[in-house]
Amino acid sequence: MFFSAKTVEQVAALPFVPAGDGFELLLVTSRRRGRWIVPKGWPVKDKPLHESAKLEAKEEAGVIGTALDEPLGQYTYQKRMSKGYEVRCRVYVYPILVTQHRVRWRERTQRTLRWCPLHEAAEMVDDNELAKVIRELIASDCAFLRERFPSELRDHQAA
Numbered sequence: 195m196f197f198s199a200k201t202v203e204q205v206a207a208l209p210f211v212p213a214g215d216g217f218e219l220l221l222v223t224s225r226r227r228g229r230w231i232v233p234k235g236w237p238v239k240d241k242p243l244h245e246s247a248k249l250e251a252k253e254e255a256g257v258i259g260t261a262l263d264e265p266l267g268q269y270t271y272q273k274r275m276s277k278g279y280e281v282r283c284r285v286y287v288y289p290i291l292v293t294q295h296r297v298r299w300r301e302r303t304q305r306t307l308r309w310c311p312l313h314e315a316a317e318m319v320d321d322n323e324l325a326k327v328i329r330e331l332i333a334s335d336c337a338f339l340r341e342r343f344p345s346e347l348r349d350h351q352a353a
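Under the working numbering, the first residue of the sequence shown carries the number 195, and numbering increases by one thereafter.
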């Protein structure tokens with residue numbers, strides 16, 4: 195008898211800020227292997243997915259901001275669980291326009307952070323599927339962000 199592999203859901207935050215004519219993303223290192231990733235984790239019960247992504251950004255990177263309730267994209271990967279088995283994860287990526295970066299946050303001693311331009315982030319992230327999501331954003335000239343955060347981006351340029 196064969197069982198089909200179950201796919202579980204995770205959420206990821208794509209923390210960003212406007213920088214010149216483009217945007218910069220905040221990457222974090224994974225705790226175990228030090229790979230460059232974006233903040234991600236399990237959805238919080240009874241919370242919308244984008245709120246769970248905001249919580250991951252706060253806990254893993256110390257950033258707070260405005261999140262859309264619509265994902266920018268999604269990707270899949272194999273997650274190794276603590277008991278040694280792997281599960282297939284579908285990760286929904288929610289952009290978060292960062293408005294505040296805290297000095298102290300939950301996982302500050304466990305991770306390294308790096309702000310970088312989109313093209314650099316696409317090269318740095320360890321997951322090819324996540325890199326593809328970032329490259330698609332670049333290819334569209336960040337239309338998803340520009341169309342959904344127009345007033346926030348305008349306010350940032352005026353500041």
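Even glycine gets a Cβ: it sits at the ideal position worked out from N, Cα and C.
None of the values given here were measured: they were computed from a predicted structure.
So, using beta-carbon positions, are residue i and residue j closer together than 9 Å?
| i | j | result |
| --- | --- | --- |
| residue 285 | residue 268 | yes |
| residue 216 | residue 312 | yes |
| residue 204 | residue 234 | yes |
| residue 208 | residue 309 | no |
| residue 222 | residue 347 | no |
Taking the C-alpha atoms as reference points, what is the distance between residue i and residue j?
| i | j | result |
| --- | --- | --- |
| residue 251 | residue 232 | 8 Å |
| residue 256 | residue 273 | 24 Å |
| residue 260 | residue 253 | 15 Å |
| residue 294 | residue 258 | 5 Å |
| residue 243 | residue 263 | 7 Å |
| residue 325 | residue 224 | 16 Å |
| residue 328 | residue 210 | 12 Å |
Helix, strand or coil for residue i? Go by DSSP, reduced to three states.
| i | result |
| --- | --- |
| residue 344 | helix |
| residue 329 | helix |
| residue 218 | strand |
| residue 252 | helix |
| residue 266 | coil |
| residue 301 | coil |
Using C-beta distances below 8 Å, list every residue in its chain close to residue i, excluding the 5 sequence neighbours before and after it, in chain order.
| i | result |
| --- | --- |
| residue 332 | 312, 313, 316 |
| residue 338 | 266, 289, 331 |
| residue 270 | 201, 282, 283, 284, 285, 323 |
| residue 336 | 216, 217, 312 |
With respect to the alpha helix (DSSP H) encompassing residue i, which residues constitute its N-terminal and C-terminal limits?
| i | result |
| --- | --- |
| residue 314 | 312-318 |
Closer than 7 Å by C-beta to residue i: which residues in its own chain qualify, once you throw out the five before and the five after it? Chain order, please.
| i | result |
| --- | --- |
| residue 355 | Look at the range of the chain in this structure, 195 to 353, and you will see that residue 355 is not part of it. |
Suppose the cutoff is 6 Å on Cβ atoms and the five residues either side in sequence are ignored; what does the same chain contact list for residue i look like?
| i | result |
| --- | --- |
| residue 383 | The requested residue 383 does not occur in the structure, where the chain is confined to residues 195 to 353. |
| residue 201 | 282, 284 |
| residue 300 | 253 |
What are the start and end residues of the beta strand (DSSP E) that includes residue i?
| i | result |
| --- | --- |
| residue 279 | No beta strand (DSSP E) holds residue 279; DSSP gives it neither H nor E. |
| residue 260 | 257-261 |
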